[in-house]
Every structure is written in C-alpha cells, then in structure tokens.
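K.L.:
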Amino acid sequence: MKKFLLGVLMVAIGLLLIGIDSQAQCSICTKTASDLNPDAARSLNAGILYLMITPLALVGFIGWRWWVSNKQDEDEGNANHE
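Residues in the sequence shown are numbered consecutively from 1, following full-length UniProt numbering.
Okay, here's the thing in structure tokens:
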C-alpha cells in the first residue's frame with residue numbers, strides 16, 4: 001500500500017511540474033494575455049493552473065475514497081465466503 005501511495009504522490013508531483021509550462025487559457029484569456037506584457041501573461045496562466053488544482057484534487061480524493069470503500073467491501077465479502 002505504501003508503494004501505491006508513493007507512486008500516486010510521484011505522479012501528482014510530476015503532473016504539477018509538467019503543468020507549470022502548460023497553456024491553460026481559454027480564448028478570452030488568451031486575448032487578454034496577448035494585450036499584457038509577458039510577465040503578466042505568465043502570471044495569468046499560472047493563476048489559471050493554480051485554480052485548476054482544487055477541483056482535480058477533490059475529484060481525485062473522492063475517487064480514492066470510493067476505491068478504498070469498494071476494496072474493503074470486497075475483502076469483507078471474501079471473508080464471509082470462507
């Protein structure tokens with residue numbers, strides 16, 4: 001289980017590091033960023049990526065809890081059949 005959690009943590013950190021250079025702008029934000037200087041445009045992009053982390057983390061946590069719950073139910077079901 002520790003190896004699994006370590007793997008998930010490493011993937012999450014890797015995705016965050018890759019996401020730093022991503023272009024996370026919609027068409028309206030792209031138009032706004034093109035009117036700004038490069039530093040302000042980079043800050044706008046970083047802010048969009050920062051705001052994206054919370055919903056993804058919540059969905060990931062809910063999915064993980066669902067997976068753990070199902071795994072416990074399967075383990076209890078297998079114990080009852082023995």
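All residues carry an ideal CB built from backbone N, CA and C; glycine is no exception.
Going by beta-carbon coordinates alone, are residue 46 and residue 33 separated by less than 7 Å?
P.N.:
Within the sequence shown, residue 46 is the residue found at index 46, counting from 1. Within the sequence shown, residue 33 is the residue found at index 33, counting from 1. The answer is no: Cβ separation not under 7 Å.
K.L.:
Distance, Cα to Cα, residue 29 vs residue 5?
P.N.:
Residue 29 sits at position 29 when you count from the first residue of the sequence shown. Residue 5 sits at position 5 when you count from the first residue of the sequence shown. Approximately 36 Å, taken between the alpha carbons.
K.L.:
So residue 29 is in the alpha helix (DSSP H); what residue range does that whole segment cover?
P.N.:
Start at 1 with the first residue of the sequence shown, and residue 29 comes out as number 29. Run containing residue 29: 27-34, per the alpha helix (DSSP H) assignment.
K.L.:
Could you have a look at residue 70 and say whether DSSP puts it in helix, strand or coil?
P.N.:
Along the sequence shown, read from residue 1 onward, the residue named residue 70 stands at position 70. In this structure, residue 70 counts as helix in the three-state DSSP scheme.
K.L.:
Strictly under 7 Å for the Cβ-Cβ distance: is residue 35 near chain D by that measure?
P.N.:
Checking the listed chains, one finds no chain D in this structure; it contains a single protein chain.
K.L.:
So, helix, strand or coil for residue 37, using DSSP?
P.N.:
Position 37 of the sequence shown holds residue 37. Residue 37 falls in the coil class under three-state DSSP.
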